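Remarks on the structure that follows.
There are 4 protein chains.
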Amino acid sequence: MLDDLKEKVLDANLELVHRGLVLYTFGNASGIDRKRGLVAIKPSGVPYETMTAQDMVVTDLNGKIVGGTLKASSDLATHLELYRAFPGIGGVVHTHSEYATAWAQAGREIPPYGTTHADYFYGPVPVTEELSAEEIGGDYVLNTGKAIVRRFRELDPEAVPGVLVAGHAPFAWGKDPMQAAYHAVVLEAVARMAYYTATLNPECSGVSQALLDRHYFRKHGAKATYGQGG
Amino acid sequence: MLDDLKEKVLDANLELVHRGLVLYTFGNASGIDRKRGLVAIKPSGVPYETMTAQDMVVTDLNGKIVGGTLKASSDLATHLELYRAFPGIGGVVHTHSEYATAWAQAGREIPPYGTTHADYFYGPVPVTEELSAEEIGGDYVLNTGKAIVRRFRELDPEAVPGVLVAGHAPFAWGKDPMQAAYHAVVLEAVARMAYYTATLNPECSGVSQALLDRHYFRKHGAKATYGQGG
Amino acid sequence: MLDDLKEKVLDANLELVHRGLVLYTFGNASGIDRKRGLVAIKPSGVPYETMTAQDMVVTDLNGKIVGGTLKASSDLATHLELYRAFPGIGGVVHTHSEYATAWAQAGREIPPYGTTHADYFYGPVPVTEELSAEEIGGDYVLNTGKAIVRRFRELDPEAVPGVLVAGHAPFAWGKDPMQAAYHAVVLEAVARMAYYTATLNPECSGVSQALLDRHYFRKHGAKATYGQGG
Amino acid sequence: MLDDLKEKVLDANLELVHRGLVLYTFGNASGIDRKRGLVAIKPSGVPYETMTAQDMVVTDLNGKIVGGTLKASSDLATHLELYRAFPGIGGVVHTHSEYATAWAQAGREIPPYGTTHADYFYGPVPVTEELSAEEIGGDYVLNTGKAIVRRFRELDPEAVPGVLVAGHAPFAWGKDPMQAAYHAVVLEAVARMAYYTATLNPECSGVSQALLDRHYFRKHGAKATYGQGG
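Protein chains in written order, with this note's numbering: chain Y, 1 to 230; chain S, 1 to 230; chain A, 1 to 230; chain E, 1 to 230.
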């Protein structure tokens with residue numbers, strides 16, 4: 001069942017390893033089959049080295065396991081909340097990639113300091129509010145997803161395909177699992193360059209709205225000029 | 001004698017190489033057989049490339065060599081002091097991994113800035129007091145161990161499986177040699193992210209006690225939800 | 001047509017990968033055949049792993065495609081402006097290499113802090129003015145080239161073979177595509193060391209004119225003493 | 001002639017590549033045969049990938065070429081000055097390794113912040129005075145060596161086997177070429193950790209004289225306890 005999706009989810013998970021975003025069993029990627037309303041996600045605490053597509057766990061959008069013999073990633077409820085709230089996305093990735101995590105720990109959004117950022121994120125990479133003690137003590141993983149969704153109330157998740165969870169780490173998403181992984185990788189590079197920029201020039205205000213528009217729409221929308229498409 | 005333990009100690013030493021924590025012959029890992037009261041430890045100044053399990057040196061808890069033809073790591077007395085004081089641990093690792101060492105050199109404990117930290121260390125990673133000139137001039141290596149033990153008088157070594165020795169470098173431990181190495185690797189990653197965090201936001205106060213509790217108990221104790229166990 | 005140039009342009013593009021300057025399909029290198037007035041450049045958005053010399057796109061100096069079946073790099077117009085304005089150069093490279101990009105984002109020129117810098121750049125690595133909203137909204141890629149050329153009005157592009165485009169990233173050039181790539185690699189190393197220097201000593205004023213002269217002319221001009229040439 | 005020394009000098013040069021200290025043809029290592037008063041050094045500007053022992057250039061202590069068909073490293077005169085002034089050394093290494101170079105560019109000596117430093121350098125890693133315009137305009141490479149020697153007037157080059165040349169980069173030395181390379185590698189690691197330490201805690205005063213003594217003499221002199229020797 002869902003063999004193709006499981007393969008894609010495995011590939012997205014391995015992309016995180018290949019790009020140096022994860023340590024040991026940290027991190028997880030998932031993907032959704034929107035027609036069937038089923039999600040495939042990395043199992044919890046299994047080494048990447050030996051992971052196979054058949055190890056992916058399949059659940060419905062309420063978290064009911066419908067396939068696989070392993071326990072799902074402990075971050076499952078966050079992934080599901082994102083799939084429920086953002087109907088345009090097809091993949092979700094969570095890592096503790098180090099620079100993005102540092103911005104999340106510092107409680108600072110990543111300003112759009114340059115065109116690399118603007119090519120992928122149409123504005124700052126936002127940071128969620130801190131969860132309350134009640135939210136942490138309750139359904140913590142679900143509440144993490146809800147904090148993300150709340151933060152995007154006035155943001156377009158397709159124009160800003162990632163977020164920093166305060167005191168925790170980034171989530172990224174995309175139209176499919178591999179694009180979610182790609183966004184996680186770019187987010188880490190953007191976070192790294194933003195770290196250097198902010199420490200070189202604490203007053204840096206970032207690029208103009210005109211540049212933000214130009215670079216973002218270079219790669220997105222009907223007038224995109226990048227790549228071999230169209 | 002103790003072939004199985006020697007293999008485990010060798011593997012833990014090689015994990016330090018594999019994860020980029022050691023340069024040349026820096027660093028050392030050991031393990032203990034609690035029933036026999038014997039410790040196996042890396043020999044001093046031997047290249048990792050050619051090291052075999054049979055090169056591991058076996059001593060009793062007083063440092064009397066009972067097996068092996070090489071000299072033990074020059075840090076042996078610190079390892080032994082930790083085994084004597086912390087009965088729950090089965091492995092000890094010492095490295096000069098660069099970010100953890102920088103915090104030790106700066107004389108600053110590593111605050112729990114985020115959930116990566118909280119997953120492994122239930123509170124700050126503490127830093128010992130500086131040794132006095134007398135302690136340095138006396139049985140220095142043993143006194144290093146005593147300074148660590150003193151620092152843990154009101155801390156649980158199983159909840160905080162690592163320490164920074166002021167002006168020196170980290171020690172980490174675990175239920176067995178490989179878990180000690182794992183904790184040393186995670187400590188370095190946590191130290192690296194904490195460095196970025198502290199320089200991005202010097203006022204950062206770290207996560208709440210509620211978050212600290214939640215993440216720590218996610219991976220520890222009867223209600224752990226991470227991994228395939230239970 | 002231009003098979004030799006295409007091979008050289010491919011090699012320069014792959015040098016960027018080999019030296020860790022590019023992520024995914026980021027970056028691009030080109031070269032010019034001055035006699036024929038033709039430029040070969042990397043295609044847009046094609047993975048480096050599968051790229052061949054025959055994928056290189058050939059255009060004249062006005063951007064008219066005269067060879068190749070793929071779309072040219074979206075930065076083509078900047079490359080062409082540099083070839084038109086700087087008759088002594090034979091190759092151009094654009095990357096988002098992380099430290100050089102951080103200086104560009106911070107809007108700071110890279111001061112000549114040491115001899116590594118002085119061996120390649122005879123003075124600061126300059127940063128362009130920010131483009132106006134009109135320039136961004138108009139022929140943006142061409143205007144990026146014009147901003148670079150404007151910045152070099154009183155600079156010698158052969159003595160300073162690179163530039164930081166404000167809020168964007170570096171361009172570098174050289175007598176041929178591989179030397180342009182070489183300069184891009186050295187620029188990144190210089191930017192990295194300058195970052196450490198500026199954060200270690202914010203008051204650092206950089207090397208004297210005498211040292212700048214000495215190191216630059218060690219490698220350039222009739223009295224060069226470095227290497228096996230002459 | 002001197003085949004054994006040439007092999008050792010080649011190995012020391014390749015160690016610099018293997019440990020990531022050099023970019024392209026940057027850096028150089030040499031060694032001396034004290035009995036014959038002859039020095040073997042890396043040729044200038046030759047790629048490490050294709051270098052053979054027979055490419056090493058042999059000169060006497062006055063720089064007269066007595067063997068080899070290539071031009072010697074352009075830093076030869078600095079190496080020779082060190083061999084003439086420091087009779088106890090058998091190898092010299094020069095790199096532009098990035099963190100040590102940053103301290104040199106910042107004009108700051110590296111304080112002994114911890115035991116890693118103290119294991120190899122018995123006190124700060126000193127920085128030379130800046131050369132005057134006359135010294136730079138004159139026999140610059142020789143004058144670089146003289147500035148180092150002047151800086152060591154009251155220092156023991158065997159207790160402090162390295163130096164930072166202001167605005168330039170480090171030199172390191174040892175009893176033979178490989179130990180010189182080893183010291184260059186350790187110096188870079190020490191410089192890296194010192195950078196993190198200084199930015200984490202600008203007030204850090206470094207370790208006590210007692211700790212400096214203890215660690216240094218752990219590895220040096222008659223009472224050394226490290227390694228399998230003695």
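Glycine included, each C-beta is placed from N, C-alpha and C at the ideal position. Keep in mind it's a predicted model, so treat the numbers as computed, not measured.
Asked	Found
According to the neighbour-count rule (16 or more other Cβ atoms, all chains shown, within 10 Å of its Cβ), is glutamate 81 of chain E buried or exposed?	buried
Please confirm whether isoleucine 148 of chain E has its beta-carbon closer than 8 Å to some beta-carbon of chain A.	no
With DSSP as the reference, please indicate the residues paired to asparagine 28 of chain A in a beta bridge.	A/His94
Cα-Cα, which of A/Val165, A/Thr116, A/Pro157 is closest to tryptophan 173 of chain A?	A/Pro157
Could you tell me the alpha carbon to alpha carbon distance between arginine 84 of chain Y and leucine 211 of chain Y, rounded to whole angstroms?	33 Å
Please report how far the alpha carbon of glycine 91 of chain A lies from the alpha carbon of valine 57 of chain A, in whole angstroms.	14 Å
Let me know the secondary structure DSSP gives glycine 145 of chain S once reduced to three states.	helix
Using the Cα positions of methionine 193 of chain S and valine 185 of chain S, report the straight-line distance between them to the nearest angstrom.	13 Å
Are the C-beta of methionine 193 of chain A and some C-beta of chain E separated by less than 8 Å?	yes
Can you give the beta carbon distance from threonine 78 of chain Y to proline 170 of chain Y, rounded, assuming they're within the 8 Å contact cut?	Contact flag wrong, Cβ pair sits at about 12 Å.
Select from A/Thr225, A/His117, A/Lys42 the residue whose C-alpha is nearest the C-alpha of proline 6 of chain A.	Correcting the residue type first, residue 6 of chain A is lysine in the shown sequence and not proline. Selected option, being the one with the closest Cα: A/Lys42.
Is leucine 131 of chain S close to chain Y? Criterion is C-beta to C-beta, closer than 8 Å.	no
What residue does the beta strand (DSSP E) around proline 124 of chain E start on, and which one ends it?	Segment: none, proline 124 of chain E is in no beta strand (DSSP E) and carries neither H nor E.
Flag serine 97 of chain E as yes if its beta-carbon sits less than 8 Å from any beta-carbon of chain S, otherwise no.	no
By alpha-carbon positions, which one of S/Pro87, S/Phe86, S/Thr52 ends up nearest to leucine 70 of chain S?	S/Thr52
Can we say the region 110-121 of chain A touches the region 194-207 of chain Y, given the rule of at least three CB pairs closer than 8 Å?	no
Work out the CA separation of threonine 199 of chain Y and proline 202 of chain A for me, nearest whole Å.	11 Å
Go ahead and label glutamate 145 of chain Y buried or exposed: buried means 16 or more other beta carbons lie within 10 angstroms of its beta carbon, across all protein chains shown.	A quick correction: the sequence has glycine, not glutamate, at residue 145 of chain Y. The residue in question, glycine 145 of chain Y, is buried, as its Cβ has 16 or more Cβ neighbours within 10 Å.
Tell me which residue opens and which closes the alpha helix (DSSP H) that leucine 80 of chain S is part of.	76-85
Determine, using beta carbons only, whether lysine 6 of chain Y comes closer than 8 Å to chain S.	no
Chain Y partners of lysine 71 of chain A, CB-CB under 7 Å?	Gln228
Can you give, in chain order, each stretch of the alpha helix (DSSP H) that sits fully within the region 11-76 of chain A and has at least 4 residues?	none
When you compare only the Cα positions, how much space is there between glycine 230 of chain A and lysine 223 of chain A?	Annotation note: pLDDT 45 at glycine 230 of chain A (below 50); position unreliable, coordinate value reported separately. Roughly 9 Å between the two C-alpha positions.
How is leucine 5 of chain E classed by DSSP in three states: helix, strand or coil?	helix
Would you please state the rounded distance, in angstroms, between the beta carbons of tyrosine 216 of chain Y and glycine 45 of chain A? I believe it to be under 8 Å.	Rounded, the Cβ-Cβ distance is 16 Å, inconsistent with contact.
By the criterion of Cβ-Cβ separation under 9 Å, what are the contact partners of threonine 245 of chain S in chain E?	No answer is possible for residue 245 of chain S: the residues shown for chain S start at 1 and end at 230.
According to DSSP, tryptophan 173 of chain S sits in a beta bridge with which residue or residues?	S/Val92
The beta strand (DSSP E) that contains leucine 164 of chain A, what's its start and end?	162-164
Where does glutamine 105 of chain A land, buried or exposed, given buried means 16+ other C-beta within 10 angstroms?	buried
Any idea if histidine 18 of chain S is buried or exposed, counting beta-carbon neighbours within 10 angstroms, 16 or more meaning buried?	exposed
Nearest-angstrom Cα distance between arginine 153 of chain A and glycine 27 of chain Y?	50 Å
For a quick check, are the C-beta atoms of alanine 180 of chain S and alanine 100 of chain S less than 8 Å apart?	no
Roughly how many angstroms separate the alpha carbons of arginine 218 of chain S and leucine 76 of chain Y, rounded to a whole number?	14 Å
What residues from chain E crowd round proline 168 of chain S, counting only those whose CB sits closer than 7 Å?	A small fix is needed here, since residue 168 of chain S is histidine in this sequence, not proline. Here the neighbours are Gly114, Thr115.
Note down, in chain order, each residue of its chain lying with its Cβ closer than 8 Å to the Cβ of glycine 123 of chain E, except the 5 sequence neighbours on either side.	Pro112, Leu155, Ala159, Val160, Leu212
Please identify the residue among A/Ile65, A/Lys175, A/Ala102, A/Gly107 whose C-alpha is closest to the C-alpha of tyrosine 195 of chain A.	A/Ala102
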